[in-house]
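Participant: Going by the working numbering, the residue at position 366 of the first sequence is 1044; the numbering climbs one at a time, nothing skipped.
C-beta: ideal position from N, C-alpha, C; glycine also.
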Amino acid sequence: LFARREGGTHILRIEDTDVERSREELSQQVLSAMDWLGVPYDEGPYFQSKRYDLYRAAAQRLLAEGKAYRAFETPEELDAERKKAEAQGRAYRYSGAGRQIDPGESERRARAGDRHVIRLAMPAETIVVDDLIRGRVEFPADALDDFVLVRSDGHPLYHFSAVVDDADMKISHVIRGDDHLANTPKHVALFRALGAPIPKFAHLGMILGTDRKKLSKRHGAAAVEEWRDQGILPEALVNFLALLGWAPGDNREVLTREEMEREFSLDRVGASPSVFDPEKLLWMNAQHMARMPAEELLARSEPYATSGMPPKDAALKAIELHRTRARTPIEMGRALSTYARDPESYDPDGMKKQVKPETAALLEKLMARYETTSPWAVEALEPALRQVAEESGVSASKLIHPTRLALTGTTVGAPLFDVAALLGKETALRRLRKFVEVIRTQTGS
RNA sequence: GGCCCCAUCGUCUAACGGUUAGGACACGGCUCUUUCAAGGCCGGAGCGCGGGUUCGAUUCCCGCUGGGGCCA
679 LFARREGGTH ILRIEDTDVE RSREELSQQV LSAMDWLGVP YDEGPYFQSK RYDLYRAAAQ
739 RLLAEGKAYR AFETPEELDA ERKKAEAQGR AYRYSGAGRQ IDPGESERRA RAGDRHVIRL
799 AMPAETIVVD DLIRGRVEFP ADALDDFVLV RSDGHPLYHF SAVVDDADMK ISHVIRGDDH
859 LANTPKHVAL FRALGAPIPK FAHLGMILGT DRKKLSKRHG AAAVEEWRDQ GILPEALVNF
919 LALLGWAPGD NREVLTREEM EREFSLDRVG ASPSVFDPEK LLWMNAQHMA RMPAEELLAR
979 SEPYATSGMP PKDAALKAIE LHRTRARTPI EMGRALSTYA RDPESYDPDG MKKQVKPETA
1039 ALLEKLMARY ETTSPWAVEA LEPALRQVAE ESGVSASKLI HPTRLALTGT TVGAPLFDVA
1099 ALLGKETALR RLRKFVEVIR TQTGS
């Protein structure tokens, strides 16, 4: 939203340098989730796993300029140091021993195949991060030690590859989760060491689960797909997510992509974390369905009409009948199918409560009347039924409820006469006839 | 453990020193009604605590508490 609003370039970069956690299919999952969400990018995707030369060159340059150095401690040695610090009740920091090694000596040992990591020589000064959302944040020098840029197996670490790429791609704004704020002084120091301009930073509050635990990045892409599979519309999900932390300020909540792109501003983004409420997401989904053109809603629901679709003109009418009753295209698809296939069973509670001894006879009277009712439309169907009820000395509801059960198999749904009209005379009468048969068999009358 | 961030109804949020603290989800009631929804109306529900600053603090500062994160 920020890139769109500012007329910037949104670049997609896949950070897949962690060999254990990065697998091809996970990258594909991210890509397809972005695609489904309709989040466009202007450039990329770039894969860090294909940019190792760049990181290697940057590491060599920092080494040559004395801004980074090799450190030869073994994991065991470091572990011992850590334990010692712990025993003494001190906070552990890397000793910085590698800084003392003469560059020529360092070079020789590296060539001889001594295992080593490459660390950044952190400046001994407070690092200030100017955050667009949080303001000025200071990190005292003694809180940061010389962190590792390149592991002993030659793999660049996240902080290093990310900054090298940000510099290379001339990233102007880094907008990311709050969890990275504490890493930012490292990044600032790295940008400086690289001689690159420091981008603007904006750290967003994190999104928490209902259990108040963080919604993990690793589960992120999978979750997007789960929402999709549950019938959440991408525009509803994007709208909902945008509103976690940002608000246009005038009480509007249901927004189109265009509105958000036009109005988004970091000034109006809050710093506090927010809990993801699936209930409200569902409401948001229904709101977007309510506003969607019928044709579009039909197209999105059709895949879920797994037991048949009515003809298109009927389907479009059914959409209007059910759009306030369905919260997802999945529910809508199911509703559409009821117009194409006769009920195979009837709601048991409805059978118990609405089917009385006289019901079959009443329905037969109704069927007889409906044989001659014309036109087959709400204006004629409703008075006809009410008349039959009156002539039989029963309330209209004694006829309405069993009829709904006969036509749809359920006790709830769209207004009965609209349903009957949409079904058409032949289908409606067939369903009534079948229902009467069923109840006559059941009651043995 | 060290460092950092955050703090308004259960949840998402508005408010940028003076408001009966507004809206939304959820919840309850009423209404509409052939059912269920949707819609409309009404209601319950919040400034974590303690100090300052100020004529006046939800709002600014400090501390505490609580939650979260990073590093290890």
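Are the stretch 978-995 and the stretch 914-921 touching, with three or more C-beta to C-beta distances below 8 angstroms?
Facilitator: Judged by Cβ distances under 8 angstroms, the stretch 978-995 makes no contact with the stretch 914-921, as fewer than three pairs qualify.
Participant: Report all residues from its chain with a CB closer than 6 angstroms to the CB of residue 865; omit the five preceding and five following residues, and keep chain order.
Facilitator: 841, listed in sequence order.
Participant: Taking the alpha helix (DSSP H) that residue 1071 falls in, what are its first and last residues?
Facilitator: That residue, residue 1071, is in no alpha helix (DSSP H); it is neither H nor E in DSSP.
Participant: Closest to residue 779 by CA distance: which of 802, 881, 754 and 750 is it?
Facilitator: Comparing Cα-Cα distances from residue 779 to each of 802, 881, 754 and 750, the minimum goes to 750.
Participant: For residue 1124, which residues from the same chain have a beta carbon less than 8 angstroms from its beta carbon, with the 5 sequence-adjacent residues on both sides left out?
Facilitator: Absent from the structure is residue 1124, since the part of the chain shown begins at 679 and ends at 1123.
Participant: Tell me whether the beta-carbon of residue 1096 lies closer than 8 angstroms to the beta-carbon of residue 1066.
Facilitator: Taking 8 angstroms as the Cβ cut-off, residue 1096 and residue 1066 do not qualify as a contacting pair.
Participant: Tell me the residue span of the alpha helix (DSSP H) that contains residue 811.
Facilitator: Here residue 811 belongs to no alpha helix (DSSP H), and DSSP marks it neither H nor E.
Participant: Is it buried or exposed for residue 766, if we count other Cβ within 10 angstroms and need 16 for buried?
Facilitator: Its Cβ having fewer than 16 others within 10 Å, residue 766 is exposed.
Participant: Could you give the distance in angstroms between the alpha-carbon of residue 939 and the alpha-carbon of residue 1051?
Facilitator: Approximately 54 angstroms, taken between the alpha carbons.
Participant: With distance defined between alpha-carbon atoms, name the residue in 727, 743 and 930 nearest to residue 871.
Facilitator: Residue 743 is the option with its Cα nearest to residue 871.
Participant: Secondary structure at residue 773, three-state DSSP: helix, strand or coil?
Facilitator: Coil, per DSSP.
Participant: Given a cut-off of 8 angstroms, decide if residue 722 and residue 690 are closer than it, judged by their beta-carbon atoms.
Facilitator: Yes, Cβ-Cβ distance for residue 690 and residue 722 is below 8 angstroms.
Participant: For residue 825, report the span of its alpha helix (DSSP H) as first-last.
Facilitator: Counting along the chain, residue 825 falls outside any alpha helix (DSSP H), and DSSP gives it neither H nor E.
Participant: Please check the pair residue 902 and residue 859, which I expect to be a contact at CB under 8 angstroms, by giving their CB distance rounded to whole angstroms.
Facilitator: About 24 angstroms separates the two Cβ atoms, so there is no contact after all.
Participant: I believe residue 862 touches residue 879 by the beta-carbon criterion, under 8 angstroms. Please report the beta-carbon distance rounded to the nearest angstrom.
Facilitator: That pair is a contact at about 6 angstroms.
Participant: Leaving out five residues on either side along the sequence, give the residues of the same chain with a beta carbon under 7 angstroms from the beta carbon of residue 1001.
Facilitator: The residues are 967, 968 and 975.
Participant: According to DSSP, is residue 952 part of a helix, a strand, or is it coil?
Facilitator: Residue 952: strand per DSSP, three-state reduction.
Participant: Which two residues bound the contiguous beta strand (DSSP E) that contains residue 725?
Facilitator: Element bounds for residue 725: 721-725.
Participant: Bridge partners for residue 834 per DSSP, in chain order?
Facilitator: Its beta-bridge partners are 828.
Participant: How about residue 883 and residue 950: are their beta carbons less than 8 angstroms apart?
Facilitator: Yes, these two residues count as a Cβ contact at 8 angstroms.
Participant: Within 10 Å of its beta-carbon, does residue 824 have 16 or more other beta-carbons around it, so buried, or fewer, so exposed?
Facilitator: Per the 10 Å Cβ criterion, buried.
Participant: Check this for me: beta carbons of residue 1106 and residue 1098, under 8 angstroms apart or not?
Facilitator: Contact flag set, yes.
Participant: Which of the three DSSP states is assigned to residue 922 in this structure?
Facilitator: Of the three classes helix, strand and coil, the one that applies to residue 922 here is coil, per DSSP.
Participant: Taking buried to mean at least 16 other C-beta atoms within 10 Å of its own C-beta, is residue 971 buried or exposed?
Facilitator: Burial call: exposed.
Participant: Between the beta-carbon of residue 1020 and the beta-carbon of residue 1111, is there less than 8 angstroms?
Facilitator: Going by C-beta atoms, residue 1020 is not nearer than 8 angstroms to residue 1111.
Participant: Hey, could you find the ends of the beta strand (DSSP E) residue 1028 is sitting in?
Facilitator: First-last for residue 1028: 1026-1032, but that is the alpha helix (DSSP H), not the beta strand (DSSP E).
Participant: Rounded to whole angstroms, what's the CA-CA distance from residue 720 to residue 710? Just pull it up for me.
Facilitator: Approximately 16 angstroms, taken between the alpha carbons.
Participant: Express the C-alpha separation of residue 696 and residue 993 in angstroms, rounding to a whole number.
Facilitator: Cα to Cα, residue 993 sits roughly 50 angstroms from residue 696.
Participant: Could you check how far apart the C-beta atoms of residue 714 and residue 906 are, in whole angstroms? I think they sit under 8 angstroms.
Facilitator: So it is a contact: roughly 6 angstroms between Cβ atoms.
Participant: Is it buried or exposed for residue 753, if we count other Cβ within 10 angstroms and need 16 for buried?
Facilitator: Residue 753 is exposed by the Cβ-count criterion.
Participant: Where does the unbroken beta strand (DSSP E) through residue 1194 begin, and where does it stop?
Facilitator: The structure shown has nothing for residue 1194, since the chain only spans 679 to 1123.
Participant: So for residue 975, helix, strand or coil by DSSP?
Facilitator: Note: residue 975 maps to helix in three-state DSSP.
Participant: Quick one: is residue 977 buried, meaning 16 or more other Cβ sit within 10 Å of its Cβ, or exposed?
Facilitator: When all chains shown are included, residue 977 counts as exposed.
Participant: Identify the continuous beta strand (DSSP E) that holds residue 855 and give its terminal residues.
Facilitator: Taken as a continuous stretch (DSSP letters only), the beta strand (DSSP E) holding residue 855 covers 851-855.
Participant: Counting C-beta neighbours from all protein chains within 10 Å, is the total for residue 1080 16 or more, i.e. buried, or is it exposed?
Facilitator: With 16 or more other Cβ atoms within 10 Å, it is buried.
Participant: Mind checking which residues open and close the beta strand (DSSP E) that includes residue 691?
Facilitator: From DSSP, the beta strand (DSSP E) with residue 691 extends over 689-692.
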